[in-house]
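Just so we're aligned: the sequence shown equals residues 1 to 68 in my numbering. Notes follow once the structure below has been shown.
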Amino acid sequence: VTLDLIYEDETVSLQYSDNGKGFDVEEKLKNKSIGLTSIQSRVNFLGGKLNINSRPGRGTTFFINIPS
């Protein structure tokens with residue numbers, strides 16, 4: 001697991017990466033996974049953006065950007 005937290009140009013950026021089993025992002029979002037729904041709603045509340053890259057067997061990376 002790698003976790004980076006950066007404050008730059010009035011934005012707080014968080015990047016989480018792992019080399020775990022990964023998942024199908026579209027399927028999880030379509031099925032309204034509780035974990036992803038919770039993360040998305042918190043990021044939205046803070047006026048931020050969430051990007052998720054994941055594929056089965058290839059790990060997962062979350063990019064979160066929140067204006068300060």
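From the three backbone atoms N, C-alpha and C, an ideal C-beta is built for every residue, glycine too. Here the structure is a predicted model, which is why all the values come from computation and not from measurement.
Worksheet item: With a Cβ-Cβ cutoff of 8 Å, do G57 and G35 count as a contact?
Response: Between G57 and G35, the CB-CB gap reaches or exceeds 8 Å.
Practice prompt. Give the C-beta separation of G48 and I64 to the nearest angstrom, bearing in mind that I take them to be a contact with Cβ-Cβ under 8 Å.
Written response: 6 Å
Item to complete: Name the one or two DSSP bridge partners that I52 has.
Response: Looking at the DSSP assignment, I52 forms a beta bridge with F62.
Item to complete: Helix, strand or coil for L29, going by three-state DSSP, please let me know.
Response: helix
Worksheet item: alpha helix (DSSP H) containing T36: first to last residue?
Response: Per the sequence presented here, residue 36 reads as Leu, with Thr not at that position. I34 to F45 is the span of the alpha helix (DSSP H), which, as asked, contains L36.
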